[in-house]
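If you're matching them up, the sequences are chains L, R, D and F in order. Position 50 (the first sequence) corresponds to 50 in my numbering; numbering is contiguous. In my numbering, each residue carries its 1-based index in the second sequence increased by 267. In my numbering, each residue carries its 1-based index in the third sequence increased by 534. In my numbering, each residue carries its 1-based index in the fourth sequence increased by 801.
4 protein chains.
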Amino acid sequence: MAIAIETQFSFRLPRTSDVLLQFEAAAIPEQTILSANTELSDSEHCARVAAQDDIGERIWLRAGGEFNVSYNAEVALDRQIADLGSLKRLMPHEMPGEAVQYLFDSRYCPADRFQTFVDDTFGETDGGARIAAIRDWIADNYRYTPGASGPQTGALDTFIERRGICRDYAHTLVALARASTIPARYVACYAPGVDPPDFHAVAEVFLNDPETEGGGTWQLVDATGMADPAQTVKIGVGRDAADVSFLTSFGANQFLSSSVRVGLLGE
Amino acid sequence: MAIAIETQFSFRLPRTSDVLLQFEAAAIPEQTILSANTELSDSEHCARVAAQDDIGERIWLRAGGEFNVSYNAEVALDRQIADLGSLKRLMPHEMPGEAVQYLFDSRYCPADRFQTFVDDTFGETDGGARIAAIRDWIADNYRYTPGASGPQTGALDTFIERRGICRDYAHTLVALARASTIPARYVACYAPGVDPPDFHAVAEVFLNDPETEGGGTWQLVDATGMADPAQTVKIGVGRDAADVSFLTSFGANQFLSSSVRVGLLGE
Amino acid sequence: MAIAIETQFSFRLPRTSDVLLQFEAAAIPEQTILSANTELSDSEHCARVAAQDDIGERIWLRAGGEFNVSYNAEVALDRQIADLGSLKRLMPHEMPGEAVQYLFDSRYCPADRFQTFVDDTFGETDGGARIAAIRDWIADNYRYTPGASGPQTGALDTFIERRGICRDYAHTLVALARASTIPARYVACYAPGVDPPDFHAVAEVFLNDPETEGGGTWQLVDATGMADPAQTVKIGVGRDAADVSFLTSFGANQFLSSSVRVGLLGE
Amino acid sequence: MAIAIETQFSFRLPRTSDVLLQFEAAAIPEQTILSANTELSDSEHCARVAAQDDIGERIWLRAGGEFNVSYNAEVALDRQIADLGSLKRLMPHEMPGEAVQYLFDSRYCPADRFQTFVDDTFGETDGGARIAAIRDWIADNYRYTPGASGPQTGALDTFIERRGICRDYAHTLVALARASTIPARYVACYAPGVDPPDFHAVAEVFLNDPETEGGGTWQLVDATGMADPAQTVKIGVGRDAADVSFLTSFGANQFLSSSVRVGLLGE
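Quick look at the structure:
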């Protein structure tokens, strides 16, 4: 299985300022970068740092004026996909220290406030079955509505307004998983089948696969139903969208345009 | 310089559930644990994991009913205290990858919304002088008011209501530092002089000390003015209070009581 | 049907300041005040003004120090109780101008954000049947939990946290009714059967009773199920709790204690 | 002094639904409608009701598909403009009952949370001088920034973000006035000089003019500085923008376009 990605986006910085980009397919065991080409406008400074959990890289820029990003890549995927229903919850004391941070409230996923709702609505399920029930609840109760949410929208807002885009679906799943004491993180990704084509986002939950050894594995879950985990190319992960935006601007910034094309290689 | 700490707290779990504790002085280069004694009520499970940034440990418990924690320690401190005004801002591309997460919005510190305020109010300062100006602004504009805030209170709330406790002062400083593109984290700590005596919280900012080599150091800042950085014993750090509470409960929990005594050893 | 009410409450004003009280049974056609006795501590000024929609009176006080209120009354009730299911929705253009304000968002009832939820969940009902469905949904999904909410809690919070007290139940019903284009207001009241005994709050919705002439009537609805509309003594009404608190303080105020006893006369 | 107004706006209702419009100059003693012409697309129902405080009219429509509104008017103004600094605060017990509602928290103006800020920042002023100080503080600390706020933005948001448009400036002034125990309401209006030309909004505060008899008068205040009170044509008033939008939709609605031209007659 291999995926072809073509992305362009551009923005304008009215004053010279710092910008953080994260848009490239991450080089991780389950993803082999067959080829990749990144083109950036000129900048005063440009530096790469490892991104969160060492998945992918962030690019620091210091630049002014119009800035263009162009990225093409081919990525071979070999991801272990478990049957969600067969996965077991880890007891908290069995979790590795690095998973624990993904139980905590974050900017867009204030999980603790969903405690009663989660207990009452999903109380009879556990582990992977709980996550599947949460995913299905979101799919049944939300309407995919481009334009109805924005960069300040969090899981509380979406839970009330019942509509949004992939980012909002992922935030809700992350929040409800954490309220179930299941570590959950936000994954920025590319995936074929996203409609309209765009950067995509899904959730990832930390569960125990009885088939494999060791303390747990991260499993992709897409409450929008648009992305097949086997065909999803990870860009990066974080506690929520605040950590892993394709463009984080430290100063005024005017977004101009973007285009994203993702397909199965050979199609 | 050595500090003596005596802490007790207790809570009741109506059902058997998971609880995360973090209340012990962290064993880190700048803090030597001379002696320590932790006593916990019986539990089904009890496990220790490294806490965030490897500063201190978290204790996972699974227990039910009344639970008591008692902790005594003596800690020698040898912390390098820089003159805040002499510290320089790091350019983002000079920051190590692990500092970058402390620029992002978190649950209680949604920094990006303060951008205009920070530019207009502190625009003429930079680096350590900027942090000192923020600290002084908070001290001048907030009233220390126990009881006026709660566990859901974040920096946005406190900025509006202009009152709160150490947690709220630290959240505001963290948010305004991040809005200045200065990495900032939240520090749970013990310190003599806190009035009324209690667990304390301060902020820590990542700045460049021209006196030392390398890319930057974390410096403690207390906007309440109650804690002397040279006498502050760190328990742990996080993006904000969501990461480093002394008691995080995954399930219903009734807090019963706490007492904290902190003094200079020998006094 | 007659109701006996005994109320005391007291508070402390650290500085001389203005306070608004509204705690007396309203003299309105459906409620006859058989007897009433109000005792107030001394004040610099004391004035009565008609309360919202001319239902009950507000008392303005200017006072300092400890202030005590004592109120006893006997009230005969003769309220027309319609069968909720038989009531019809009024078309907006049939509504009197004074009902229209109760369609708008208010402090604790930002109704417009519930539009999608209401359409999806209650879309097959209308008029009184819609209100009954909303009331039952709240009763099924909320847990009555004294102490879990506070004076800043609004319908958005309660919808997320799924727990609260009478105030929170009423706010949710008001918000969901307005999102259904049914005017709804908040009613402060006394009622026997409230447990624990306290000031009570319910909602009131404006619907068309085919049995009576004219454009619509207000009907009491209690999502907590504790108060019988036939035995509910109205104190006042408003858009939400912000309008009709028993105690609104313009300046610092320390609440000391309250006691409320309400019973059927003769019992 | 006479003002000429030309307005068009249009929107699309995907399904037949109810819409409330309020866009015409109010016929009130201080405003004489010299001529007016309103043209509306066809609708199933159309009804006029008196608007809040009997200032202007609301138009209820039931319609589907594209809907166009066109309005032209000439309005003579004869408004008593007091010198703000000379106006005195009314004691609460001197306020008429109908002004009291404008002290309470509303959807976009949760005034009580600003109590400490108001006391600390404006504590040395009172009455009209207080309002002038609040107006100047807003003008000094906010940046007029079209596009930075939206229909969900309230005074809390704007106080944090320090930027917005007329609606946001008015909400802040209303909130800070109420936190000063001065009744304040939101005024939708037309005014020459608004840039870019659009529907405008200002605040109105209830103060005592020693020059006139009686309990108080409403005075227009524009924190944006764009509208001259003597040249401002009131459309309607409310507790905040939730009450007096030119277009309130009860159901899905897609805004298409608007144009507003306001000038001094003869210019």
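Even for Gly, the Cβ is constructed at its ideal location relative to N, Cα and C.
- Counting along the chain, alanine 2 of chain L sits inside the beta strand (DSSP E) bounded by residues 2 to 21.
- CA-CA distance, glutamate 211 of chain L to tyrosine 186 of chain L, rounds to 25 Å.
- For chain L, the residues of the segment 696 to 718 of chain D that bring a beta carbon within less than 9 Å of one of its beta carbons are Arg696, Arg697, in chain order.
- By the rule that beta-carbons nearer than 9 Å mark a contact, tryptophan 327 of chain R touches chain L.
- Rounded to whole angstroms, the separation of the alpha carbons of threonine 692 of chain D and tyrosine 338 of chain R is 37 Å.
- Shown here, alanine 191 of chain L sits in coil according to DSSP, grouped into three states, outside any helix or strand.
- By a beta-carbon distance limit of 8 Å, arginine 908 of chain F contacts aspartate 1041 of chain F. Their separation comes to about 6 Å.
- Taking C-alpha positions only, glutamate 858 of chain F is separated from phenylalanine 824 of chain F by approximately 9 Å.
- Within chain L, the residues placing a beta-carbon under 7 Å from that of serine 373 of chain R are Ser106, Arg107, ordered along the chain.
- Within the DSSP bridge table, the entry for valine 583 of chain D names D/Arg592 as partners.
- For the segment 395 to 423 of chain R, the set of positions with a beta-carbon nearer than 8 Å to some beta-carbon of chain F reads Asn408, Arg410, Leu423 in chain order.
- Residues of chain L whose Cβ lies closer than 7 Å to the Cβ of phenylalanine 545 of chain D do not exist; the shortest such Cβ separation is about 30 Å.
- Around the beta-carbon of arginine 48 of chain L, fewer than 16 other beta-carbon atoms lie within 10 Å, marking it exposed.
- Here alanine 451 of chain R is near phenylalanine 473 of chain R, since their CB atoms are less than 9 Å apart.
- Here aspartate 462 of chain R has Met493 as same chain residues with Cβ atoms under 8 Å from its own Cβ, once five neighbours each way along the sequence are excluded.
- Only those residues of the segment 481 to 495 of chain R whose C-beta falls short of 9 Å from the nearest C-beta of chain F would be listed, and there are none.
- A direct Cα-Cα distance of roughly 14 Å separates threonine 232 of chain L from tryptophan 218 of chain L.
- Taking 8 Å as the upper bound for CB-CB distance, arginine 380 of chain R and leucine 423 of chain R are in contact here, some 7 Å apart.
- For the segment 498 to 530 of chain R, the beta-carbon criterion of a distance under 7 Å to any beta-carbon of chain L is satisfied by Ala509, Asp510, Phe517.
- At least 9 Å separates the beta-carbon of threonine 439 of chain R from that of valine 469 of chain R.
- Under a 10 Å Cβ-count criterion, isoleucine 59 of chain L is classified as buried, with 16 or more other Cβ atoms of the shown protein chains found around its own Cβ.
- The secondary-structure analysis by DSSP pairs leucine 301 of chain R with nothing; it has no beta-bridge partner.
- In this structure, the CA atom of histidine 312 of chain R is about 15 Å from the CA atom of proline 96 of chain L.
- Among the residues facing chain D, phenylalanine 122 of chain L is not included, as its CB has no counterpart in that chain under 9 Å away.
- Ranked by how close their Cα comes to the Cα of phenylalanine 255 of chain L, the residues L/Val174, L/Arg178, L/Pro14 have L/Pro14 in first place.
- As a beta-bridge residue in DSSP terms, glutamine 521 of chain R pairs with R/Arg279.
- Between alanine 561 of chain D and chain F, the shortest Cβ-Cβ separation is not below 9 Å.
- Taking a Cβ-Cβ cut-off of 7 Å, the neighbours of threonine 383 of chain R in chain F comprise Arg944, Glu962, Arg963, Arg964, given in sequence order.
- Under the criterion of beta carbons closer than 8 Å, alanine 378 of chain R and alanine 442 of chain R qualify as touching, at roughly 5 Å.
- Taking the Cβ atoms as the reference, alanine 444 of chain R lies roughly 6 Å from isoleucine 401 of chain R, within the contact range of under 8 Å.
- Arginine 968 of chain F is a Cβ neighbour of threonine 954 of chain F, given a cutoff of 9 Å.
- Checking the DSSP bridge columns, you'll see valine 488 of chain R partnered with R/Ala470.
- Per the DSSP secondary-structure output, leucine 532 of chain R pairs with nothing in a beta bridge.
- Scanning its chain for C-beta atoms nearer than 6 Å, with the 5 sequence neighbours on each side dropped, one finds around threonine 283 of chain R the residues Gly331, in chain order.
- In the three-state reduction of the DSSP assignment, leucine 878 of chain F falls in the strand class.
- Within chain F, Ile961, Glu962 have C-beta atoms less than 7 Å from the C-beta of arginine 380 of chain R, given in sequence order.
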